[in-house]
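For what it's worth, UniProt numbering labels the leading residue of the sequence shown as 1, then goes sequentially.
Beta carbons are placed, not taken as given, at the ideal position from N, Cα and C, and that holds for glycine.
For clarity, every value in this text was computed on a predicted model and none was experimentally measured.
What follows is a set of notes on a single structure, which appears directly below.
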Amino acid sequence: MNADWDVSSLLEGMVRDLRPRVDPEQTAMIGIFTGGVWVAQALHHALGLNTALGRLDISFYRDDFSQIGLHPQVRASDIPFDVNGRSIILVDDVLYTGRTIRAALNEIFDYGRPASVLLAVLVDRGGHELPVSADIAALRLNGATGGQIKLRGPDPLRLEWLAAAPGSVA
Numbered sequence: 001m002n003a004d005w006d007v008s009s010l011l012e013g014m015v016r017d018l019r020p021r022v023d024p025e026q027t028a029m030i031g032i033f034t035g036g037v038w039v040a041q042a043l044h045h046a047l048g049l050n051t052a053l054g055r056l057d058i059s060f061y062r063d064d065f066s067q068i069g070l071h072p073q074v075r076a077s078d079i080p081f082d083v084n085g086r087s088i089i090l091v092d093d094v095l096y097t098g099r100t101i102r103a104a105l106n107e108i109f110d111y112g113r114p115a116s117v118l119l120a121v122l123v124d125r126g127g128h129e130l131p132v133s134a135d136i137a138a139l140r141l142n143g144a145t146g147g148q149i150k151l152r153g154p155d156p157l158r159l160e161w162l163a164a165a166p167g168s169v170a
């Protein structure tokens, strides 16, 4: 698996793809902790969005919480705008099974009912277990198995491919 992805170039591509779909006055953005917030911060700035950036920690919304346990750094979610009727860009670093996105949507709907939610991810690695699809993905790795893709950061942002240990399931 290629480990030399240029995150800056990937982010520039996302901005190019998002720009025609964004009204800087009306669109709001929410990043999912941790990597999704880092990506969202870069996109939010580049797109010149006027609404403050929202941040979600979906730890308690996951349907596999009992299997994966609590992440050691649970953070408070912060959505500093009215969700009702708003067009929202939901941002995450890596889309894999779709469970994180399902949890994020559940949490967003606890805040209100958006007009629309557009999903933007840095990497869509395929392997979805739920019917979740990214509207914008800087990198699509269909069939990437046997390891993990991690976004490291926040400065500089870099993608790492972590090979799976023999006999383990990614």
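I'd like to confirm something about residue i: is its beta-carbon nearer than 7 Å to some heavy atom of the ligand NAD, or not?
i   : result
F60 : Judged by which ligands are present, the structure shown has none, so any question about the ligand NAD falls away.
Taking the beta strand (DSSP E) that residue i falls in, what are its first and last residues?
i           : result
R16         : First-last for R16: 7 to 18, but that is the alpha helix (DSSP H), not the beta strand (DSSP E).
S87         : 87 to 95
Q26         : Premise fails: Q26 is in no beta strand (DSSP E) and is neither H nor E.
E160        : 158 to 163
G153        : First-last for G153: undefined, no H or E at that position.
A137        : 136 to 140
residue 176 : The structure shown does not extend to residue 176, since the chain spans only 1 to 170, so no value can be given for it.
Can you tell me whether residue i is helix, strand or coil according to DSSP?
i    : result
D119 : Just to set this straight, residue 119 is Leu in the shown sequence, not Asp. Note: L119 maps to strand in three-state DSSP.
R75  : coil
R125 : coil
Given a cut-off of 8 Å, decide if residue j and residue i are closer than it, judged by their beta-carbon atoms.
i    : j    : result
L95  : W5   : no
A117 : I79  : According to the sequence displayed, residue 117 carries Val and not Ala. Their beta carbons are not under 8 Å apart, which means V117 does not touch I79 by this criterion.
A120 : M14  : yes
V123 : L159 : yes
L49  : P24  : yes
V74  : I108 : no
T100 : H128 : no
G31  : R55  : yes
Quick one: is residue i buried, meaning 16 or more other Cβ sit within 10 Å of its Cβ, or exposed?
i    : result
D92  : buried
P131 : exposed
F33  : buried
A164 : exposed
L162 : exposed
A52  : exposed
D155 : exposed
D110 : exposed
Residue i lies in the alpha helix (DSSP H); which residues open and close that run?
i    : result
Q41  : 35 to 47
I110 : A small fix is needed here, since residue 110 is Asp in this sequence, not Ile. First-last of the alpha helix (DSSP H) with D110: 99 to 111.
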